[in-house]
Amino acid sequence: MSAPTLPLDCAGVITPSDSSPAIVFENVAMSFGTNEVLRGVSFHLPRGETKAIFGVAGSGKSLILKLSLGLIRPDSGRIIVLGEDITHMREEDLFALRAKIGMVFQESALFDSLSVKENVAFRLMEEHGVYDDEIDRQVREVLRFVELEHTLDLDPSELSGGMRRRVAIARALITHPELLLYDSPTGGLDPVTSNTIIELIVKQRDVNHTSALLVTHRLQDAFTMATHQFDTKLNRMVALPKGQHCDVPMSFLILRDGKIIFDGDMQQLAHTQDEYIREYIS
Amino acid sequence: MELISPTELAKEKVFTVQNYIVFCLQALGNLFRKPLYVADMVMQADTVGVGSLPIVVLTGFFTGAVLALQTSNTLERFGSITLVGQLVSTSMVRELGPVLTSLMVAGRNSSGMASELGSMIVTEQIDAMRALGTDPMKKLVTPRVVATVFMLFFLTIISDLVGLVGGLAISKVLLGLDARQYWSNAWQILVFQDIFMGLIKPVIFGFIIATVGCFYGMNARGGTQGVGRATTQAMVAASVLILAVDLIVTRLLMATLSYR
């Protein structure tokens, strides 16, 4: 497989928006027994930006997503999500915050006892007070967004891997979250399906300007996201001309041995002198 | 396989018991917090109650029948064969009805709950539920506990009744006893303490079945192998706990109810 080429024509860097960052990690450490997975990790995700997280297997990429959602508590450090310190937040209070966050799990994690419609509508049904016809309308709308409206009454077991991933994205998007967390959304999928998923993520980023953390092993996916924009008129992702790549709100973060060894935009990544990173992206 | 020191093993067991107690308190506490998932409770009641009905009926019938058969020989030696109805009645209502029904339901549902919730854990469905803002303890555990306690109470009554019918079948067909006399003896021997003891036990055992099954399921780790382990452990733990608690509850009730 040929390595994706890095465009070197970027003239500027991403400018964080004026509002507070969507996610802030301050010196976060996390161990499982004697295995130190994260060692003093600090970074921030500006609002409206998508940050792709790379690293070898077991480097703590998925752990960062689970920490951001409060599913796991860090051993030390501080995590602020959408302006709220979640480090020591009670589970009951976290449920309210999670209403503003959508997560797409590595293996989709669809509820296999529920239909596609019930999976996507799960959050709305749990809110108690949303009328059935309103739920139906919103489910159809979000399934149309991922181009799976025809699967409404199917069970998750009847879907292909790519379709399951798109339903998981629809489930995460139904309440229009302010922050999205994608855990290897294209993992194990063929290139064509992967491209469809990436297009959906780019669509969400450029149409709704949602902040996102994206964990991936596939460098080409992240580079596609950094070099393309969603065209609402054509209703598809289009490649940006050279010189405009820095208009894309996209950055990269690379983990190694529990520490961040790179956090920056594509231009900085392309010009890095770090041997490990150069080898990683080549 | 790594060897664990006895101290570590003891600590691990105490820690598990502590976690189980906290788990039970959470499951009970959720009854007083909104939302209360009534639809899920009804669905679980159908799975636990209606689903377990055939095995409970069969177990009850054959237990009552074999009890009549086994005791008839001894009673005949003392010239008291007519007391078969009394013996089947007290044995079924006080002890065998609740315990055997609970063991059957534990075998079917405790393991079922452990495997279902365990599978949800290893496929990240429980994490997904938390991520979607729903408390899995409220949505999955509390409805199972309420449904099992409620349905085991009625399943035990059915089992007692079917057990008496089983005893009647043997008394009438094989022992040649009068059916009316059998029913009369079986009914008249029962006192309030018998009924109370026989109906308080399924409430306690139902709680054990559901909480043990859900506890092992929610703590399943290590993929499909972990789910299999949780399923087996849940069934064994629930069965042993039912028998041990039965002894304690029987002794306590006999002392407090001034049993004859």
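Protein chains in written order, with the working numbering: chain A, 1 to 282; chain B, 1001 to 1260.
Using N, Cα and C, we set each Cβ at its ideal position, and we do this for glycine too.
Under 8 angstroms between C-beta atoms of Gly1064 (chain B) and Gly1167 (chain B)
Locating residue 1064 (chain B) in the second sequence gives position 64, where the first residue counts as 1. Locating residue 1167 (chain B) in the second sequence gives position 167, where the first residue counts as 1. Yes, these two residues count as a Cβ contact at 8 angstroms.
Rounded to whole angstroms, what's the CA-CA distance from Glu26 (chain A) to Ala1027 (chain B)? Just pull it up for me.
In the first sequence, counting from the first residue as 1, residue 26 (chain A) sits at position 26. In the second sequence, counting from the first residue as 1, residue 1027 (chain B) sits at position 27. Take the alpha-carbon of Glu26 (chain A) and the one of Ala1027 (chain B): they are about 35 angstroms apart.
When DSSP labels each residue in this structure, what does Lys242 (chain A) get in the three-state scheme?
To locate residue 242 (chain A), count along the first sequence from 1; it is residue 242. Three-state result, Lys242 (chain A): coil.
Are the region 1096-1105 of chain B and the region 1240-1255 of chain B touching, with three or more C-beta to C-beta distances below 8 angstroms?
A contact is defined here as three or more CB-CB pairs under 8 angstroms, and the region 1096-1105 of chain B meets this definition with respect to the region 1240-1255 of chain B.
Mind listing, in chain order, the continuous beta strand (DSSP E) runs of no fewer than 3 residues lying wholly within the region 222-270 of chain A?
Restricted to the region 222-270 of chain A, the beta strand (DSSP E) segments that are unbroken, complete and at least 3 residues in length are 228-231, 236-239, 250-256, 259-264, listed in chain order.
The alpha helix (DSSP H) enclosing Lys51 (chain A), as first and last residue numbers
Translated into the one-based positions of the first sequence, residue 51 (chain A) becomes position 51. From DSSP, Lys51 (chain A) is part of no alpha helix (DSSP H) but of the beta strand (DSSP E) over 50-54.
Please classify Thr196 (chain A) as buried or exposed, where buried requires at least 16 other C-beta atoms within 10 Å of its C-beta.
Along the first sequence, one-based indexing puts residue 196 (chain A) at 196. Thr196 (chain A) is classed as buried because its beta carbon has at least 16 other beta carbons within 10 Å across all chains shown.
Thinking C-beta only, is Gly55 (chain A) closer than 8 angstroms to Arg205 (chain A)?
Counting from one through the first sequence, the residue named residue 205 (chain A) turns up at place 205. Counting from one through the first sequence, the residue named residue 55 (chain A) turns up at place 55. Against a cut-off of 8 angstroms, the Cβ pair of Gly55 (chain A) and Arg205 (chain A) comes out as no contact.
How long is the line joining the alpha carbons of Gly1223 (chain B) and Ile64 (chain A), rounded to whole angstroms?
On the second sequence, position 223 is the one that residue 1223 (chain B) refers to. On the first sequence, position 64 is the one that residue 64 (chain A) refers to. Straight-line Cα distance between these residues: approximately 22 angstroms.
According to DSSP, is Ser1089 (chain B) helix, strand or coil?
Here the question's residue 1089 (chain B) lines up with position 89 in the second sequence. Looking at Ser1089 (chain B) - three-state DSSP - the assignment turns out to be helix.
How many Å lie between Asp231 (chain A) and Asp85 (chain A) at the Cα?
On the first sequence, position 231 is the one that residue 231 (chain A) refers to. On the first sequence, position 85 is the one that residue 85 (chain A) refers to. Asp231 (chain A) and Asp85 (chain A) have their C-alpha atoms spaced approximately 36 angstroms apart.
Please tell me whether Asp1040 (chain B) has its Cβ less than 8 angstroms away from any Cβ of chain A.
The residue you call residue 1040 (chain B) lines up with position 40 of the second sequence. Taking 8 angstroms as the threshold, the shortest C-beta distance from Asp1040 (chain B) to chain A does not fall below it.
Closest by CA to Ala1237 (chain B), which one among B:Asn1219, B:Ile1209, B:Lys1138?
Within the second sequence, numbered from 1, the residue matching residue 1237 (chain B) stands at position 237. Nearest option by C-alpha distance: B:Ile1209.
Backbone CA spacing between Ser62 (chain A) and Gly40 (chain A) [nearest angstrom]
Within the first sequence, the letter at position 62 stands for residue 62 (chain A). Within the first sequence, the letter at position 40 stands for residue 40 (chain A). Distance between the alpha carbons of Ser62 (chain A) and Gly40 (chain A) is about 16 angstroms.
Inter-residue spacing [alpha-carbon to alpha-carbon] between Lys1139 (chain B) and Arg164 (chain A):
For the purposes of this step, residue 1139 (chain B) is taken as the residue at position 139 of the second sequence. For the purposes of this step, residue 164 (chain A) is taken as the residue at position 164 of the first sequence. Cα-Cα distance, rounded: 23 angstroms.
Could you please tell me which residues of the region 115-128 of chain A, in chain order, have their CB closer than 9 angstroms to any CB of chain B?
Of all residues in the region 115-128 of chain A, Phe122, Arg123, Glu126, Glu127, His128 have a Cβ within less than 9 angstroms of some Cβ in chain B.
Could you pull out every residue in the same chain whose Cβ sits closer than 6 angstroms to the Cβ of Asp263 (chain A), ignoring the five residues on either side in sequence?
The residue labelled residue 263 (chain A) in the question sits at position 263 within the first sequence. Here the set comprises Phe43, Leu253.
Just the C-alpha distance for Ala1147 (chain B) and Ile1189 (chain B), rounded to the nearest angstrom, thanks.
Mapped onto the second sequence, residue 1147 (chain B) falls at position 147. Mapped onto the second sequence, residue 1189 (chain B) falls at position 189. For Ala1147 (chain B) and Ile1189 (chain B), the distance between alpha carbons rounds to 32 angstroms.
Just list the alpha helix (DSSP H) runs in the region 1154-1194 of chain B, keeping only unbroken ones of 4 residues or longer that don't cross its boundaries, in chain order.
DSSP runs (the alpha helix (DSSP H)) wholly in the region 1154-1194 of chain B: 1179-1188.
Which first and last residues belong to the alpha helix (DSSP H) in which Gly1223 (chain B) is found?
The sequence position of residue 1223 (chain B) within the second sequence is 223, counting from 1. For Gly1223 (chain B), the enclosing alpha helix (DSSP H) begins and ends at 1223-1256.
To test your reading of the DSSP string, which unbroken beta strand (DSSP E) runs of 3 or more residues are found completely within the region 177-220 of chain A?
Qualifying beta strand (DSSP E) stretches, in chain order: 179-183, 211-215.
Give a yes or no on whether the C-beta atoms belonging to Arg283 (chain A) and Gly1133 (chain B) are separated by under 8 angstroms.
Here chain A has residues from 1 to 282 only, and residue 283 (chain A) is not among them.
Bridge-paired residues (DSSP) for Val81 (chain A)
The count along the first sequence starts at 1 and reaches residue 81 (chain A) at position 81. In the DSSP output, where bridge partners are listed per residue, Val81 (chain A) has A:Ile23, A:Glu84.
Once the 5 residues before and after Leu1253 (chain B) are set aside, which same chain residues still bring their CB inside 6 angstroms of it?
Position 253 of the second sequence, counting from 1, holds the residue named residue 1253 (chain B). For Leu1253 (chain B), the CB contacts under 6 angstroms within the same chain, skipping 5 residues up- and downstream, are Met1197 in chain order.
Looking at chain B, is there any beta carbon in it that lies within less than 8 angstroms of the beta carbon of Glu26 (chain A)?
For the purposes of this step, residue 26 (chain A) is taken as residue 26 along the first sequence, with counting starting at 1. Not an interface residue.
Please state if the CB of Arg140 (chain A) and the CB of Glu199 (chain A) are separated by a distance shorter than 8 angstroms.
Here the question's residue 199 (chain A) lines up with position 199 in the first sequence. Here the question's residue 140 (chain A) lines up with position 140 in the first sequence. The Cβ atoms of Glu199 (chain A) and Arg140 (chain A) do not sit closer than 8 angstroms to each other.
Touch test, the region 1071-1081 of chain B against the region 1016-1023 of chain B, Cβ-Cβ under 8 angstroms, three pairs minimum
No, because fewer than three Cβ pairs between the region 1071-1081 of chain B and the region 1016-1023 of chain B fall closer than 8 angstroms, the two stretches do not touch.
Could you name the residues of the region 1122-1146 of chain B whose beta carbon sits closer than 7 angstroms to any beta carbon of chain A, in the order they occur along the chain?
Answer in chain order: Thr1123, Glu1124, Gln1125, Asp1127, Ala1128, Arg1130, Ala1131, Leu1132, Gly1133, Thr1134, Asp1135.
CB of Gly1118 (chain B) within 8 angstroms of CB of Gly1226 (chain B), strictly:
The sequence position of residue 1118 (chain B) within the second sequence is 118, counting from 1. The sequence position of residue 1226 (chain B) within the second sequence is 226, counting from 1. Taking 8 angstroms as the Cβ cut-off, Gly1118 (chain B) and Gly1226 (chain B) qualify as a contacting pair.
Should Thr272 (chain A) and Asp221 (chain A) be called a contact, given that it needs their Cβ atoms to be closer than 8 angstroms?
Position 272 of the first sequence, counting from 1, holds the residue named residue 272 (chain A). Position 221 of the first sequence, counting from 1, holds the residue named residue 221 (chain A). Their beta carbons are not under 8 angstroms apart, which means Thr272 (chain A) does not touch Asp221 (chain A) by this criterion.
Would you tell me roughly how many angstroms separate the C-alpha atoms of Val1145 (chain B) and Val1093 (chain B), rounded to the nearest one?
Numbered from its first residue, the second sequence carries residue 1145 (chain B) at position 145. Numbered from its first residue, the second sequence carries residue 1093 (chain B) at position 93. Here the alpha carbon of Val1145 (chain B) sits roughly 23 angstroms from the alpha carbon of Val1093 (chain B).
Would you say Leu82 (chain A) reaches chain B, if we count a Cβ-Cβ gap shorter than 8 angstroms as a contact?
Here residue 82 (chain A) refers to the residue found at position 82 of the first sequence. Chain B contact via Cβ: absent.
Identify the residues that DSSP records as bridge partners of Leu45 (chain A): which are they?
The sequence position of residue 45 (chain A) within the first sequence is 45, counting from 1. Partner(s): A:Ile23.
Which residues of chain B have a Cβ atom closer than 9 angstroms to the Cβ of Leu69 (chain A), listed in chain order?
To locate residue 69 (chain A), count along the first sequence from 1; it is residue 69. Correct list: Asp1127, Arg1130, Ala1131.
Following the continuous alpha helix (DSSP H) through Ile101 (chain A), name the residue where it begins and the one where it ends.
Start at 1 with the first residue of the first sequence, and residue 101 (chain A) comes out as number 101. Unbroken run through Ile101 (chain A) is the beta strand (DSSP E), 101-104; no alpha helix (DSSP H).
For Met103 (chain A), return the contacting residues in chain B, with the cut-off set at a CB-CB distance below 9 angstroms.
Position 103 of the first sequence, counted from the start, is the residue given in the question as residue 103 (chain A). In chain order: Asp1127, Ala1128, Ala1131, Leu1132.
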